[in-house]
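Trainee: The structure's right below; bear with me while I get my questions together.
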Amino acid sequence: MVIKVPWTNPVSCKVCLAMQRGAYLALSLKDLVSHSGLAHPHLVVGYECAKCGKHYAGKHAALCHVPKCAGHKPQEEGKVYCSECGHACQSIAGLSQHERHRHPDKRNEKRVSSLRPSRTSPGLGGGNTGGILQQMFDLEVELAGERYINVKMPERLGGKLTSKQISDKRRESTYKRAFAAFKASLVSPGGDPEGPGPSVGGAEGVDVPVELRHPESLPASNDTSAESHDEVEAEEFLNASKLAAPSSPEEVIWRTGTLHDFLDCNTEGLPEEAVGLIHDLQALARELLAESSSCGGTEEVSPRNPRTAVDEAYTRVVRYLLPAEDAGQPRERQPRNKGRGKKARKRFRFAITQDLFHKDPGVLAKHLLRGTDPAARTDDDVKLDPEAVREFYGSLWGHKAAVAPSQGDNVNNAPSIPIDTVCHLFTADEVKRRVSRVKNASAPGPDGVKKCHVATRAKQAVLSALFNTVLLTGILPAEWSTNRTTMIPKEGKDASLLANWRPLTISSLVSRIFWGCVDTRMRRVVRLTPRQKGFVAEAGCFNNVVLLDSVLRHAKCGGGVVAVQLDISKAFDTIPHCTIATALLNKGLPPFLANLVSRAYVGQRTHLNVRGEKVEVRNPLVIVKQGDPLSPMLFNLIMEPMINELESKPGYRIDEETQISSLVFADDLILLASDAPKAQVLLSTVHRYLCNLGMSLAASKSFAFQVTRTQDSWCLVDPGLKLSKGDEERCHNLEGIPFAGPVDRLRYLGVSVSPWFGIDIRETRANLTEVLHKLCRLALKPWQKHHLLITHLVPHYLPELVAAAPALTTLRELDQELRVVVKKIFHLPQSTADGMIHCPPKDGGLGLRRLETQVVFGCLTAGLKLASHQYDPAARALAPTFLNRLGRVAKSARLPVPFAKYDLTRYKRRMAKQELERWAALPTQGKSVRSLTGSKVANCFLLDPTLLKPCRFITAVKMRTNTCGNRTSVNRVAPQPDLSCRKCGLQLETLGHIIGSCTETKALRIRRHDEIKDFVMSEIHKRDLTVHVSREPRLTADRVGNLQPDLVVATQDRVFVVDVTVRHEDGDYLRLARESKVNKYEVLVSKLCQELGRPDGEVLPIVVGARGALPLPTIAALEKLGVRGSGPLKTISLMALRSSIEMYHAFMDYDGPLVPGTGDR
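Listed below in structure tokens is the structure:
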């Protein structure tokens, strides 16, 4: 968004007019800037001088330029000027680079114009090459074996080309490769070369792959079945309630052996109630399997309904998991009111923001990233009609797909997986590992079971017994079919439309744990196509973004590429259930497991909460539940036949042996082809496949572009792709794919990708700067803002920076912006050492790691893994392209090229070590670094900021860097007339003097000493009552006189002389303090041993740093006294630190009276 200065007349917001959001009229520049930040937070605001056209990124710089602007400068001889902005360049090459970076659309128009032929004949170098080449390919097949083809072709083409042009074109290697690919595409899937091939549009001959299609099960045009939808679903539900009879001898052997192992499970060490439940579940499994074997698979009715028996057992398990209800129910919190007045609104905003931070800081971070107000209530802004919701999702989830699965056909010829490989017994350890992956705040299902209810070993053992019963009988509890659906609005979409809401379906937590264990087992034995990067154990976002960027770079240097970004409408909500079993069977999974998973989607029902009213949807025929751990795997398996079909067709050829046709991340799909006809075939394949599954493409949300080579460069053109016009009853989207031009940016996996520039982070930098400024104004405590920055905001931008691998200068600029914001948050002077910001908390820093280190390490590590991908030949073929780009990053970071994994590990350690060394080498701010490095006890307040109040926390941070507001510190910034102490005037006013030797703080120092001494004494008595402790005994020693140590501790075999001292951490002060105490009191050891009758004794100085440091000898001395554990050590450290902070605050009491003669308070 460009704003022209100086401001003259009221201006309407052009963005609002373009988006049809009304005509906002700004009366001043401030109004327009404020409006753009609130209404269009994602736009980058720039400023342009109306006189000379010069651009500025900041308002201050633009307004400073306006009074000095003399208008357009006269053109100088010998320079070339840009026709768009008037920028002067030294040469035509400089003008070309200027247009390439500043005006890519104009530069692209010039390049496209060079493609147009100068003759009236279309030729073979113009923009209509694809259609002429397609006609030539058809004539090549038709005239194969005949003579004088170069003469016959012009006649058949209607005189569009001459025989010389035909002859020259047919001799080109690119034409030969394209024709070879065309002939390969004519071969039918069964291998018949005479079969009909796909047309240019790809509409004919492209259908759903046979993996998910069964001709006999497709619905006929006139369905005469008398059964209604509800009757069919009721029959399927009853079939799912029956005990699954063995389908093969292998399954009989598996059930017999597994039941035997289940009955022999060890229950030692478990409570009686848990053991009883496990025995009941074992008896139920034995009973049901015995009935099944006696029936022999017939339809006789058992005296005990298996489904009822399993449901009763599940009810008992849930009753055991849930705790007893408390007598007093928590009182519901009343909604906060804003109140009246500025202070009341400020308190309201702070309270709402604090509640949101404690409840879910991630949501608060999203408000910052979106530019919305977290204190604004938006729940009542959009009111959905319950009847409209019921009708929308009833029709969306209730339609039946035209495709039905074949029964047991392993079309992919995947090796059959033995049933005992994935269907072995569940153990308590396996359940424990799955429970540990569940988030603490994970929402409970309709049965109310939460993570805290299944956290103990006994309950996990009961769950494993329940899962084994379900596995052996093949009967799922009816409670697992009941779900609740939460509707979440999509970011940046119109919330008044139901299509812009994402339904998150939540089932019972017990069922999620069960299917999560099944999902883990399946992933161990099932290998997906390497093109699918979503929901797999690899850096899928980075890999796909880097591959896309590498393909664009490779194509711009080669023969060009066509890229199509597709948007699948309601992908997870329209997956047909009838394809689940076949998708699992095609991967070689046992039929028993495939049927078990398929039956889990029979008889489902869910409740959508709309305006306090529950809208029930029963028996959905499509949808894999978003929020269920098994859904990602099922979605990938159902989409895999389409991906395999795409990879079997001609796409973008990287080299003679490798090609790539698609980049897939879950439902985010990008098609790649060498030219428009091949891209049209790929697009038609995807469109027909999805249509036959009852799914659809959103053409208006998809984009396409073509990189075409010019004589000496490349340009972007519209490939003109359209969705195939197949079965019009099921394929409704017949629109063309919009063109993404040079100035457009595609958001792919959270990264901005420009067809012209590649990965583009210019908007990311501007957004990060804007978000940081909003963070400073947020109604949070300083440590809360810092926590939000480290845990949510920086990780949000980090993946895009890692994929882009920008220059180190860019990363260092971003690090500087982050440091400025952190210092502003904690009210630190800008001269604060960088080590305080970037070192980890255990070393005394705030823990904000440098983006430079994170991005360099992350992109190089991920790049190495991608280049050596075992199952992705396209990644290995493109490795030279992206490794060349990463090599420049490695050189900038002073890493060897080529680099290895251990080089990156050494780099990461080296950067952390250098950061700490630079901080420790500072003459003033680094004095205490060595004393506090590597101590979690001394730095406990940095690890847990709630240990100190916000004001004390800020003072503690300033103390760590010696940047408190005393005279000596201020003198480093602005010379002071007098540096002596403002209270006593005896020494220089330094931090060490204030909290260590000033006469005004002597009483506070004595109190600090006594508090630590009393605490140590109480801890000794608490841990060993037989120890005798004397407090401040007056002892006489030869040649020394009277000595009075703080404590004399006498154990059964030793005597300890204990003396507490608190010293300022400056150089070796702590070590010297310990040595002085030992030298002072060691003369008492032998005398006390003789008087108390102990064989041995020792002097134990308790030396504590004034800023919380605890040296290792002090920790060892406390352990000898029996004071062990991190709790007492942290208490001693915080006692010293809090007392020092109180001393400093009392000394710097600005509300006190003026000191006579100084002008200070």
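The opening residue of the sequence shown carries number 9 in this note's numbering; numbering runs sequentially from there. The beta carbon of each residue, even a glycine, is placed where N, CA and C say it ideally should be. Bear in mind the structure is a predicted one, so any value in this text is a computation, not a measurement.
1. My output table needs one value for Cys784: the three-state DSSP class, helix, strand or coil.
2. Once you ignore the five residues that flank Asn476 on each side, which residues in its own chain have a CB closer than 6 Å to its CB?
3. Where does Ala242 sit, in a helix, a strand or coil, going by DSSP?
4. If you run the structure through DSSP and keep just helix, strand and coil, what is Lys730?
5. Go ahead and pull the three-state DSSP assignment for Arg510.
6. From Pro1121 to Ser988, what does the alpha carbon distance come to, in whole angstroms?
7. In terms of residues, what are the limits of the beta strand (DSSP E) holding His1036?
8. Quickly, what does DSSP pair His615 with across the bridge? List them, please.
9. Provide the residue span of the alpha helix (DSSP H) that contains Gln688, from first to last.
10. State yes or no: is the C-beta of Gly659 within less than 8 Å of the C-beta of Leu698?
11. Among Ile588, Ala964 and Arg263, whose alpha-carbon lies nearest the alpha-carbon of Trp791?
12. How long is the line joining the alpha carbons of Lys374 and Pro452, rounded to whole angstroms?
13. Would Gly406 pass as a contact of Ser489 if the rule is Cβ separation under 8 Å?
14. What first and last residue would you give for the beta strand (DSSP E) that runs through Arg1079?
15. List the endpoints of the continuous beta strand (DSSP E) containing Trp764.
16. For Leu404 and Val526, which I take to be in contact (beta-carbon distance under 8 Å), what is that distance rounded to the nearest angstrom?
17. State buried or exposed for Thr693, treating a residue as buried only when at least 16 other CB atoms are found within 10 Å of its CB.
18. If you check the beta carbons only, do Ser939 and Glu1073 fall under 8 Å apart?
19. Quick one: Cα of Cys8 to Cα of Ile833, how far?
20. Report yes if the C-beta distance between Ile798 and Leu836 is below 8 Å; otherwise report no.
21. Reducing DSSP to helix, strand and coil, say where Glu32 ends up.
22. Only counting the same chain, and skipping five residues up and downstream in sequence, which positions put a Cβ closer than 6 Å to that of Trp523?
23. Distance, Cα to Cα, Cys93 vs Thr941?
24. If contact is defined by three or more beta carbon pairs under 8 Å, each pair taking one atom from either stretch, is the segment 583-593 in contact with the segment 626-634?
25. Give the single residue among Lys657, Leu285, Val553 and Asp381 whose Cα lies nearest to the Cα of Ala186.
26. Could you pull out every residue in the same chain whose Cβ sits closer than 7 Å to the Cβ of Lys564, ignoring the five residues on either side in sequence?
27. Taking its Cβ as the centre, do 16 or more other Cβ atoms sit within 10 Å of Ser670, making it buried, or is it exposed?
28. Using the three-state DSSP reduction, which class does Lys367 fall into: helix, strand or coil?
29. Considering only their Cβ atoms, is the gap separating Arg1042 from Gln1052 smaller than 8 Å?
30. With which residues is Leu1051 paired in a DSSP beta bridge?
31. Take every Cβ of the segment 1080-1093, pair it with every Cβ of the segment 943-961, and state whether three or more of those distances are shorter than 8 Å.
32. What are the partner residues of Pro1170, as DSSP defines its beta bridges?
33. Thinking C-alpha only, which one of His68, Arg696 and Ser558 is nearest Ser762?
34. With H, G and I counted as helix, E and B as strand and the rest as coil, what does DSSP make of Ala748?
35. Residue range of the alpha helix (DSSP H) that Gly102 falls in?
36. Go through its chain and collect everything with a Cβ distance to Lys440's Cβ below 6 Å, but skip five positions before and after it.
Mentor: To lay it out plainly:
1. Reading the sequence shown from its first residue, position 776 is the one you call residue 784. Cys784: helix per DSSP, three-state reduction.
2. Mapped onto the sequence shown, residue 476 falls at position 468. Hits under 6 Å: Phe270, Leu433 and Phe434.
3. Taking the first residue of the sequence shown as position 1, residue 242 is located at position 234. Residue placement at Ala242 is flagged as unreliable, the pLDDT there being 43, under the threshold of 50; the coordinate-derived value follows with that caveat. Ala242: helix per DSSP, three-state reduction.
4. Numbered from its first residue, the sequence shown carries residue 730 at position 722. In this structure, Lys730 counts as strand in the three-state DSSP scheme.
5. Taking the first residue of the sequence shown as 1, we reach residue 510 at position 502. Residue state for Arg510 is assigned as strand, using DSSP reduced to three classes.
6. Against the sequence shown, residue 1121 aligns to sequence position 1113. Against the sequence shown, residue 988 aligns to sequence position 980. Their backbone Cα atoms lie some 35 Å apart in a straight line.
7. For the purposes of this step, residue 1036 is taken as residue 1028 along the sequence shown, with counting starting at 1. Per DSSP, His1036 belongs to the beta strand (DSSP E) from His1036 to Arg1039.
8. Position 607 of the sequence shown holds residue 615. According to DSSP, residue pairing for His615 in a beta bridge involves Arg492 and Glu624.
9. Position 680 of the sequence shown, counted from the start, is the residue given in the question as residue 688. Start and end: Ala684 to Asn700.
10. As a working note, residue 659 is residue 651 in the sequence shown. As a working note, residue 698 is residue 690 in the sequence shown. Not in contact: Gly659 and Leu698 (Cβ atoms no closer than 8 Å).
11. Taking the sequence shown and counting its residues from 1, one reaches residue 791 at position 783. Nearest C-alpha to Trp791: Ala964.
12. Walking along the sequence shown from the start, residue 374 turns up at place 366. Walking along the sequence shown from the start, residue 452 turns up at place 444. One Cα belongs to Lys374, the other to Pro452, and the distance between them is close to 23 Å.
13. Translated into the one-based positions of the sequence shown, residue 406 becomes position 398. Translated into the one-based positions of the sequence shown, residue 489 becomes position 481. In this structure, Gly406 sits away from Ser489, with a CB-CB distance that is not shorter than 8 Å.
14. Taking the first residue of the sequence shown as 1, we reach residue 1079 at position 1071. That residue, Arg1079, is in no beta strand (DSSP E); its alpha helix (DSSP H) goes Tyr1077 to Tyr1089.
15. On the sequence shown, position 756 is the one that residue 764 refers to. According to the DSSP assignment, Trp764 belongs to no beta strand (DSSP E), since it is labelled neither H nor E.
16. As a first step, residue 404 is located in the sequence shown; it is residue number 396 there, counting from the start. As a first step, residue 526 is located in the sequence shown; it is residue number 518 there, counting from the start. No, Leu404 and Val526 are not in contact; Cβ-Cβ is about 27 Å, not under 8 Å.
17. Sequence index remark: in the sequence shown, residue 693 carries index 685 (1-based). So Thr693 ends up on the buried side.
18. Taking the sequence shown and counting its residues from 1, one reaches residue 939 at position 931. Taking the sequence shown and counting its residues from 1, one reaches residue 1073 at position 1065. Ser939 is a Cβ neighbour of Glu1073, given a cutoff of 8 Å.
19. There is simply no residue 8 to check, as the chain begins at 9 and stops at 1169 in what is shown.
20. To locate residue 798, count along the sequence shown from 1; it is residue 790. To locate residue 836, count along the sequence shown from 1; it is residue 828. Not in contact: Ile798 and Leu836 (Cβ atoms no closer than 8 Å).
21. Counting from one through the sequence shown, the residue named residue 32 turns up at place 24. Checking the sequence shown, residue 32 turns out to be Tyr, not Glu. Tyr32 sits in coil when the DSSP states are folded into three classes, being neither helix nor strand.
22. As a working note, residue 523 is residue 515 in the sequence shown. So the qualifying residues of the chain are Pro637 and Leu638.
23. Stepping through the sequence shown from its first residue, residue 93 is reached at position 85. Stepping through the sequence shown from its first residue, residue 941 is reached at position 933. Those two C-alpha atoms are separated by around 55 Å.
24. Output reads yes: the segment 583-593 touches the segment 626-634.
25. In the sequence shown, residue 186 corresponds to position 178, counting from 1. Per the Cα distances, Lys657.
26. The residue you call residue 564 lines up with position 556 of the sequence shown. Answer for Lys564: Val715 and Trp722, listed in chain order.
27. As a first step, residue 670 is located in the sequence shown; it is residue number 662 there, counting from the start. Residue burial is scored here from C-beta neighbours: Ser670 has at least 16 other C-beta atoms within 10 angstroms and is therefore classed as buried.
28. Position 359 of the sequence shown holds residue 367. Note: Lys367 maps to helix in three-state DSSP.
29. The count along the sequence shown starts at 1 and reaches residue 1052 at position 1044. The count along the sequence shown starts at 1 and reaches residue 1042 at position 1034. Pairing Gln1052 with Arg1042 gives a Cβ-Cβ distance under 8 Å.
30. The residue you call residue 1051 lines up with position 1043 of the sequence shown. Partner(s): Leu1043.
31. Between the segment 1080-1093 and the segment 943-961 there are fewer than three C-beta pairs closer than 8 Å, too few to call the two in contact.
32. Look at the range of the chain in this structure, 9 to 1169, and you will see that residue 1170 is not part of it.
33. Taking the sequence shown and counting its residues from 1, one reaches residue 762 at position 754. Relative to the Cα of Ser762, the nearest Cα in the group His68, Arg696 and Ser558 belongs to Ser558.
34. Within the sequence shown, the letter at position 740 stands for residue 748. Reduced to three states, the DSSP call for Ala748 is coil.
35. Along the sequence shown, one-based indexing puts residue 102 at 94. Under the DSSP assignment, Gly102 falls in the alpha helix (DSSP H) whose first and last residues are Ile100 to Arg110.
36. Position 432 of the sequence shown, counted from the start, is the residue given in the question as residue 440. Answer for Lys440: Gln468, listed in chain order.
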